[in-house]
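The structure appears right after this line, and notes come after that.
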Amino acid sequence: MAKKLFVGGLAWATTSEGLRRAFESFGKVNDAKVILDRETKRSRGFGFVTFDDDASADNAIAAMNGSELEGRRIQVNVAQNRQ
1 MAKKLFVGGL
11 AWATTSEGLR
21 RAFESFGKVN
31 DAKVILDRET
41 KRSRGFGFVT
51 FDDDASADNA
61 IAAMNGSELE
71 GRRIQVNVAQ
81 NRQ
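Below, the structure is given as structure tokens:
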């Protein structure tokens, strides 16, 4: 079962490809996307990474939450569905 992670605190320069590269060492990444502002097309400072399996996602959370990516300390946790 795929598991989607929220990644917050991203540097403005972080791209979806850079986000994928940062997380693919933990397992098969199905999708990695930095969320952009609709008008400016600039990063909103967060993104999502979807893993193929729960174990890979859990390992990524344990290793990456609070770590540094492109000079910024990031937060990584399980994505919550919008209400």
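Read in order, the letters of the sequence shown correspond to residues 1 to 83 in my numbering.
Built from N, CA and C at the ideal position, the CB exists for glycine as well.
At a threshold of 7 Å, does N77 count as lining the ligand ATP (C-beta to nearest heavy atom)?
With respect to small molecules bound, the structure shown includes none, and the ligand ATP cannot be examined in it.
Can you look up N30 in the DSSP assignment and give me helix, strand or coil?
Here N30 sits in strand by DSSP.
Note down the Cα distance separating D31 from S16, rounded to an integer number of angstroms.
Spanning the two alpha carbons is a distance of roughly 9 Å.
Would you kindly work out how many angstroms separate the C-alpha atoms of F51 and K3, rounded to a whole number?
If you draw a straight line from the Cα of F51 to the Cα of K3, it is about 5 Å long.
Using 8 Å as the threshold, is the C-beta distance between N77 and F26 below it?
Going by C-beta atoms, N77 is not nearer than 8 Å to F26.
Closer than 7 Å by C-beta to I35: which residues in its own chain qualify, once you throw out the five before and the five after it? Chain order, please.
R44, F46 and G47, listed in sequence order.
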